[in-house]
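Down below is the structure, laid out as structure tokens.
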Amino acid sequence: MQKHIRENGNVIYADLEQFDKIKITFIGKNNILFLTPKCRLKNSSICFGGDNALVFLGDSTTLLNITLHSNCLFYGGNNNYYNPAGPRTFLISERKNIIIGNNCLYSHTIWFRNADPHLIYDSDTNKRINLTKSIYIGDHVWFGQDIGVTKGVFVASGSIIGAKSMLTKNCLSNTVNAGNPIREVKNNIFWLNECVHNWDANKTKIYDKVDSDQFKYTYNQNEFLSPKAIEEKLDSLNTAQEKLEFIYDAIYMNKNKNRFAYFKDMPYDIPLPEYENKFKSLKFEEIDETTPQLTPPAPKPTPQPTPQEQIKLLQDKINNLEINYQKALKIKNHLSYKLGEALIRANKNWYKGGYVKFIFEVIKINKEHKK
1 MQKHIRENGN VIYADLEQFD KIKITFIGKN NILFLTPKCR LKNSSICFGG
51 DNALVFLGDS TTLLNITLHS NCLFYGGNNN YYNPAGPRTF LISERKNIII
101 GNNCLYSHTI WFRNADPHLI YDSDTNKRIN LTKSIYIGDH VWFGQDIGVT
151 KGVFVASGSI IGAKSMLTKN CLSNTVNAGN PIREVKNNIF WLNECVHNWD
201 ANKTKIYDKV DSDQFKYTYN QNEFLSPKAI EEKLDSLNTA QEKLEFIYDA
251 IYMNKNKNRF AYFKDMPYDI PLPEYENKFK SLKFEEIDET TPQLTPPAPK
301 PTPQPTPQEQ IKLLQDKINN LEINYQKALK IKNHLSYKLG EALIRANKNW
351 YKGGYVKFIF EVIKINKEHK K
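Quick note on numbering: UniProt numbering labels position 10 of the sequence shown as 10, and the sequence is numbered without any gaps.
In structure tokens, the structure reads:
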């Protein structure tokens with residue numbers, strides 16, 4: 001993998017063939033964009049609006065519009081599907097984060113905002129009441145069309161969010177949630193991502209019942225990645241590079257099925273499971289794009305002649321003109337030249353006896369030439 005070092009300490013970990021019609025903007029400094037080797041980023045825009053922010057994109061073909069500000073983080077996991085019919089927009093503010101897991105299905109026209117972003121206060125206490133909060137999305141979550149996701153929500157693994165919902169609170173694993181504001185409408189469900197559009201009757205019958213527990217989640221305290229614990233860890237890290245290494249080791253390399261599974265009344269405020277430090281072993285081809293490109297030396301100027309040389313050149317030109325003038329006079333006085341002129345005049349005046357006059361003029365020219 002390549003490590004591209006840009007101006008102002010900004011870094012892109014990616015190979016150029018992973019990009020397809022994307023726009024990356026660094027306004028601040030010391031930001032990091034990290035693409036895993038299997039990530040393909042297309043028809044997307046990423047804007048780092050401040051300093052020390054991190055975007056980490058996992059093993060998915062990713063179509064996103066992301067704007068994040070100073071000390072913010074976006075993590076997108078593996079094998080996620082993003083419907084190309086419309087955008088998914090993420091706006092991340094005030095040192096907070098958005099983390100989404102693996103195997104999720106995102107329809108189109110979905111927006112995520114973890115800040116309001118203007119300020120609201122309690123009139124009695126003058127205390128701010130709309131604090132910015134991070135957003136956490138688990139594994140295998142299905143987002144319908146036209147959904148808004150607001151600050152502070154945790155959507156646990158295996159859940160469904162219905163179309164045109166406004167996500168304002170947490171959603172438990174293996175539940176269906178819908179509405180504005182959102183509410184749980186069904187529990188004890190699981191879902192598959194097969195698409196039914198062109199199914200015939202036989203295919204419909206085959207899927208009438210499935211014998212699989214693959215997407216039935218269970219809470220496991222030893223595996224659970226508590227959003228609260230992740231948040232506390234990220235708050236303790238000072239640089240985008242430190243956050244990158246933590247996210248890679250603790251989340252990207254974590255393959256536990258139930259890491260984001262959560263149900264009602266289960267322990268939530270628990271420490272993170274142990275993880276290995278694997279990022280340090282990665283090897284990168286470093287490309288410093290801040291090094292000025294070598295420019296070819298300017299061509300040497302043509303030596304200019306001295307004043308004496310310029311005078312001599314002018315004299316030579318004058319002499320050449322004089323010689324050419326003398327040659328021209330000699331040609332003009334030549335017999336054949338004069339006879340030719342006489343013939344031309346005779347031809348122009350033939351109707352006035354020009355050719356008769358030509359005979360006498362030839363005799364005259366011949367006599368003058370013999371003198």
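Each residue gets a CB set at the ideal place from its N, CA and C atoms; glycine is no exception.
Distance, residue j Cα to residue i Cα
| i | j | result |
| --- | --- | --- |
| residue 192 | residue 215 | 8 Å |
| residue 54 | residue 32 | 5 Å |
| residue 104 | residue 142 | 6 Å |
| residue 291 | residue 3 | 14 Å |
| residue 197 | residue 83 | 15 Å |
| residue 162 | residue 178 | 5 Å |
| residue 244 | residue 34 | 8 Å |
| residue 12 | residue 61 | 17 Å |
| residue 150 | residue 250 | 25 Å |
| residue 209 | residue 202 | 13 Å |
| residue 117 | residue 27 | 20 Å |
| residue 172 | residue 286 | 43 Å |
| residue 200 | residue 207 | 11 Å |
| residue 344 | residue 298 | 59 Å |
| residue 241 | residue 124 | 42 Å |
| residue 222 | residue 274 | 9 Å |
| residue 189 | residue 10 | 44 Å |
| residue 316 | residue 303 | 20 Å |
| residue 279 | residue 101 | 19 Å |
| residue 182 | residue 266 | 21 Å |
| residue 113 | residue 300 | 59 Å |
| residue 311 | residue 341 | 40 Å |
| residue 166 | residue 205 | 34 Å |
| residue 131 | residue 74 | 19 Å |
| residue 122 | residue 195 | 48 Å |
| residue 313 | residue 364 | 44 Å |
Residues near residue i in its chain [Cβ-Cβ closer than 6 Å; skip 5 each side]
| i | result |
| --- | --- |
| residue 152 | 133 |
| residue 43 | 21 and 63 |
| residue 24 | 46 |
| residue 164 | 146 |
| residue 227 | 136 and 154 |
| residue 254 | none |
| residue 386 | Examination of residue 386 is not possible in this model, given that the chain is present from 1 through 371 alone. |
| residue 57 | 35, 39 and 76 |
| residue 248 | 279 |
| residue 269 | 228 |
| residue 111 | 89 and 148 |
| residue 14 | 35 |
| residue 120 | 129 and 130 |
Own chain residues within Cβ distance below 7 Å of residue i, not counting five before or after
| i | result |
| --- | --- |
| residue 59 | 36, 38, 39, 78 and 79 |
| residue 7 | 290 |
| residue 71 | 52, 53 and 95 |
| residue 264 | 172 |
Run of the beta strand (DSSP E) containing residue i, from where it starts to where it stops
| i | result |
| --- | --- |
| residue 92 | 88-92 |
| residue 245 | Counting along the chain, residue 245 falls outside any beta strand (DSSP E), though it belongs to the alpha helix (DSSP H) covering 240-247. |
| residue 48 | 40-48 |
| residue 25 | 19-26 |
| residue 215 | Taken as a continuous stretch (DSSP letters only), residue 215 belongs to no beta strand (DSSP E), as it is neither H nor E. |
| residue 65 | 65-68 |
| residue 288 | 285-288 |
| residue 177 | 175-178 |
| residue 3 | 2-5 |
| residue 54 | 54-57 |
| residue 34 | 32-35 |
| residue 13 | 11-13 |
| residue 147 | 147-149 |
Cut-off 8 Å between Cβ atoms - residues of its own chain near residue i, not counting five sequence neighbours on either side
| i | result |
| --- | --- |
| residue 288 | 5 |
| residue 246 | 233, 234 and 237 |
| residue 220 | 256, 258 and 261 |
| residue 16 | 2 |
| residue 176 | 159, 160, 162, 184, 185, 186, 187 and 189 |
| residue 168 | 150, 153, 181 and 182 |
Opening and closing residue of the alpha helix (DSSP H) in which residue i lies
| i | result |
| --- | --- |
| residue 187 | Element bounds for residue 187: not the alpha helix (DSSP H) but the beta strand (DSSP E), 183-187. |
| residue 229 | 227-236 |
| residue 204 | 201-206 |
Whole-number beta carbon distance between residue j and residue i, since they are thought to touch under 8 Å
| i | j | result |
| --- | --- | --- |
| residue 107 | residue 138 | 17 Å between Cβ atoms; not a contact. |
| residue 92 | residue 99 | Wrong, their Cβ atoms sit about 10 Å apart, outside the cutoff. |
| residue 76 | residue 109 | Between residue 109 and residue 76 the Cβ distance is about 18 Å, and since that is not below 8 Å, they are no contact. |
| residue 230 | residue 282 | That belief does not hold up - the Cβ atoms of residue 230 and residue 282 are roughly 21 Å apart, past 8 Å. |
| residue 239 | residue 30 | 7 Å |
Closer than 8 Å to chain D by CB, residue i
| i | result |
| --- | --- |
| residue 262 | Protein chain content of the structure displayed is limited to a single chain, and chain D is not contained in it. |
Alpha helix (DSSP H) runs contained entirely in the stretch 71-139, provided each spans 4 or more residues:
none
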